[in-house]
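In order, the protein sequences belong to chains A and B.
If you count by the numbering used here, then the first sequence holds residues 1 to 157, one letter each, in order.
If you count by the numbering used here, then the second sequence holds residues 1001 to 1627, one letter each, in order.
Think of the CB as a built atom: it goes at the ideal place given N, C-alpha and C, for glycine as much as any other residue.
The structure displayed is predicted, hence computed values, not measured ones.
Inspection log for the structure reproduced underneath, given as structure tokens.
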Amino acid sequence: MAAGPAVDMKAIEGVLGNHPRGATDALVHLLQDIQEAVNYLPEEAIRAAADHLEVPLGKVYAVATFYKAFSLKPRGKTIVKVCLGTTCHIRGAPVVVEDFQHGLGIGPGETTSDMKYTLEVVNCVGACALAPVVIAGEKYLADVKPGTILKRLSKGK
Amino acid sequence: MRFTTPTELADKSATLASTDRKIKKRVLVCSGTGCAALGAFEVFDALVEAADGAKLDLQIELAPCADHAEPLYATKTGCQGFCQVGPLVHIQPDDILYTKVTPKKAREIVEQTLQQGKVIDKLLYKNPETGERIAERSKIPFYQNQTTIALEGCGRVAAESLDAYLAAGGFAPLAKALTLTPEAIIGEVVESGLRGRGGGGFATGRKWRSCVAAEGDERFVICNGDEGDPGAFMDCCIMEGDPYRVLEGMIICALAVGAKRGFIYVRNEYPRAVSRLQAAIDACRAAGLLGDNILGSDLDFDIRISRGGGAFVCGESSALMRSIEGNVGEPRAKYVRSVAKGLYDKPTVLNNVETFACVPAIIRERGKWFRQLGTEGSAGTKAFCLVGKVVNTGLIEVPMGTPLRDVVFGVGGGIINDRPFKAVQTGGPSGGCLSEEHLDLPVDFDALTAAGSMMGSGGMIVMDDHTCMVDVARYFLKFLLEESCGKCVPCREGIFQLHAMLDAFAKGEGKTGDLAKLERLAEDVQVGALCGLGKSAPNPVLSTLRNFRDEYEAHIERKKCPAGVCQAITTFLIDAEKCTGCMLCIKACPTEAITGQKKKLHAINQELCTKCGACRLVCKDDAVVTT
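Below, the structure is given as structure tokens:
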């Protein structure tokens, strides 16, 4: 695993404390909580989760890599989600993804080297009236026209 | 308060309803996903602040008041449906709908409408055909022809308030169900003809009955809120906008089948649905509507939320159950029915959000009432998300059997910019594309399946002549390629190869004879795959091949994309006869590939053009053409 920033073990242990030891069915939940706390799933967290829930490390790794919501790599400060639902697709979302590639040099799942943005693609966020839509952090950017996204990101609207 | 008898519940509901009736003006601010993204919460806060500034007593909770009082009341509701013109503010009892409301308009609404009873003309919906402003919501074409059952409360009541749900008659159906035998409850659901709204269309009552018949010491009720079909957000709206109705449907189901524990599996992308459902569960526990001895009866039932991890396959019932158990969400073969061996191998009823949302109304009005709506094989109504290249994007509910044309052109208002209609896609990635000749089909389970598509969960994506059907099929295959869990070979490798072929077509690398190969492989995947995801994966290919074969042939034989979407084989040009020299395309072009002066013919430099289509999007004269 690539060397990332220092792992906040305290935060991870805090999350572990919210789930009873050996509660195998809490695995997905626990990993979600950890990711919420530290923004991704560091190797240490995966080992700690296996230990705490008393499940094989391989199973935790399988679950962590099966579900798309989990990231094993550190993610940027702002997570930018480009919706690739059908409506967004036919209204031009693929061009928005290309704009990231051209402008910031990142593709889906990648993070800029300054750790500012991570690009993720998601399948429909249920805001089809705003298509194509991009969610930057918590902010929804509606009707994103070709070639405009990076400017709008820096302005935040 | 904690209700220990159905009578206590009825008394409280009656008190709340009488308070509710006294409300002189009711301001309902839509806080569905679309409106919220456009700033509905800011609008709400601005309204409360403006009322405060005007010394108006604007209540935001249903509080008891004196007999002669005429309170003003404002609340945030779930999705009101008409996302296209949000944020929406609906004012009752006058039925005024304000559209595209911004926080700046709050003062005007408070002063003019709440204080003086005047309608603000410029906030009303404008009919694009006649140009007239329409004041009453019920007279807007989008809302006419709709019948709401699953969405009965969505957009009408406070989404987060148990009191508001009770005031509107909520949980009375549960109280009624407690007086019935489990078999009588199931009998009503069977009689109603309700079929699963998640896409399968299996008879709900029959499912409940087989669960009761299955052997097991414990039973489970699961609500499937893993709404993964892109372009479908009905369940999201119901969970966010009327969470108590979903819980009530599940509690009635638990009563009928004898379950003590329930789960709601919510999709990862719906954080607001999770928080609203959790708040509703907590409120129900405190009120004695969940937990031990519900309303003082023998019924013990509790519900837990399970959050999805962003895997489409988890919408499949057996995969979903594995995911709740904390495992990788891989489906299993269908010969083991989950009603008999489901979650933790115990008998389990799994229904979709919308299915559960229909249950309270069915118990209240009886099964017969539900059955007389809709068509012979598909009773009741269905919620749809009408999206894509349609004028009125939004959430709708229409009786089963409504012709597609009435949905797309009536409720939907036709195609954006009056472009020609090309197709409507239903059923999500497992569904298909229907063409113009299918526009008079009645929308129900059987008619859509017979036409080579399917009902699915309710996404309805409208496409115009600028949508490439090869690209659409490729899009769905790419989606399924990424979502295939990889357990069985026909799905994992088959979809990969299907996608590779379509990718080649889009790049102009298709060869004569490829279509026959494509069809054969598609049929093999249909037969060989393990679960519904794989079996239905070829549908987008087969349905577009059936209805739009000429487009495939154009890609393969002529190396051209007639819709001008597939970039590798498309060239953008400006039609000298149509170009008026308005410079809109020059401004829109992100790579400065277009040159020209005002009122002079523009030109595209092909070396700089990235074929993004921005110019065609903005051109009002149809002067940007593709070859």
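- Secondary structure at D1465 of chain B: coil, using DSSP grouped into helix, strand and coil.
- Residues of chain A with a Cβ closer than 8 Å to the Cβ of T1033 of chain B are, in chain order, V125, G126 and A127.
- Here the stretch 85-104 of chain A does not lie against the stretch 56-73 of chain A, with fewer than 3 beta-carbon pairs under 8 Å apart.
- For D1446 of chain B, the uninterrupted alpha helix (DSSP H) segment begins and ends at F1445 to A1450.
- Taking the Cα positions, R1546 of chain B is about 41 Å away from S1031 of chain B.
- By the neighbour-count definition (other C-beta atoms within 10 Å, threshold 16), H1466 of chain B is a buried residue.
- Sequence-distant Cβ neighbours of G1034 of chain B in its own chain, meaning closer than 6 Å and more than five residues away, are C1083 and G1086.
- Exposure of R47 of chain A is indicated by the presence of fewer than 16 other C-beta atoms within 10 angstroms of its C-beta.
- Between V1029 of chain B and V1089 of chain B, the CB-CB gap stays under 8 Å.
- Bounds of the alpha helix (DSSP H) holding S1018 of chain B are P1006 to K1022.
- Contact residues of the stretch 1306-1320 of chain B toward chain A are S1306, R1307, G1308, G1309, G1310, A1311, F1312 and C1314 (C-beta to C-beta distance below 9 Å).
- Residue environment analysis places L1608 of chain B among the exposed positions, since fewer than 16 neighbouring C-beta atoms fall within 10 angstroms of its C-beta.
- For the C-beta of S1323 of chain B, the chain A residues within less than 7 Å are, from N- to C-terminus, V28.
- Put simply, of B:G1039, B:F1041, B:D1045 and B:L1114 the residue whose alpha carbon is nearest the alpha carbon of L1072 of chain B is B:L1114.
- Per DSSP, the unbroken beta strand (DSSP E) holding P1399 of chain B starts and ends at G1394 to P1399.
- If you check the CB distance, V1246 of chain B and C1223 of chain B come in under 8 Å.
- Against G1231 of chain B, the close residues of chain A are G85, T86, T87, C124 and C128, in the order they occur along the chain (beta-carbon pairs closer than 7 Å).
- Looking at the DSSP output, A1158 of chain B bridges to B:T1077.
- Closer than 8 Å to the CB of G1288 of chain B there is not a single CB belonging to chain A.
- Ranked by how close their Cα comes to the Cα of E1042 of chain B, the residues B:R1107, B:A1150, B:A1379 and B:R1026 have B:R1107 in first place.
- M1463 of chain B reaches chain A at I90, counting residues in chain order whose Cβ is nearer than 7 Å.
- Listed along chain A, the residues sitting closer than 9 Å to C1083 of chain B by beta-carbon distance are A127, C128, A129 and L130.
- Nearest to K1260 of chain B by alpha-carbon distance, out of B:H1499, B:I1251, B:D1095 and B:F1301, is B:F1301.
- Closest option to V7 of chain A, judged by alpha-carbon separation, among A:D51, A:K139 and A:P74: A:P74.
- Under the Cβ distance rule, C1223 of chain B does not count among the residues neighbouring chain A, no pair being separated by less than 8 Å.
- Within its own chain, the residues whose Cβ lies closer than 8 Å to the Cβ of F1220 of chain B, once the five positions on either side in sequence are excluded, are A1259, R1261, G1262, F1263, G1342, L1343, Y1344, K1346, P1347, T1348 and V1349, listed in chain order.
- Of all C-beta pairs linking the stretch 1392-1408 of chain B to the stretch 1143-1155 of chain B, three or more are shorter than 8 Å, placing the two stretches in contact.
- Residue pairing of L1028 of chain B in beta bridges, as defined by DSSP: B:T1075 and B:H1090.
- Linking G1308 of chain B to A1014 of chain B through their CA atoms gives a straight-line distance of about 38 Å.
- According to DSSP, residue pairing for Q1425 of chain B in a beta bridge involves B:C1433 and B:I1461.
- Just so you know, the alpha carbons of R1549 of chain B and G1428 of chain B end up roughly 20 Å apart.
- Distance from the CA atom of G1431 of chain B to the CA atom of L1518 of chain B, rounded to whole angstroms, is 18 Å.
- Just measuring C-alpha positions, the residue of B:L1178, B:E1557, B:E1160 and B:S1323 sitting nearest T1004 of chain B is B:L1178.
- For F1263 of chain B, the pairing in a beta bridge is given by DSSP as B:I1222 and B:R1304.
- Inclusion of L1058 of chain B and A1051 of chain B in the CB contact set at 8 Å is warranted, their separation being smaller than that value.
- The alpha-carbon separation between A1563 of chain B and A1074 of chain B amounts to approximately 47 Å.
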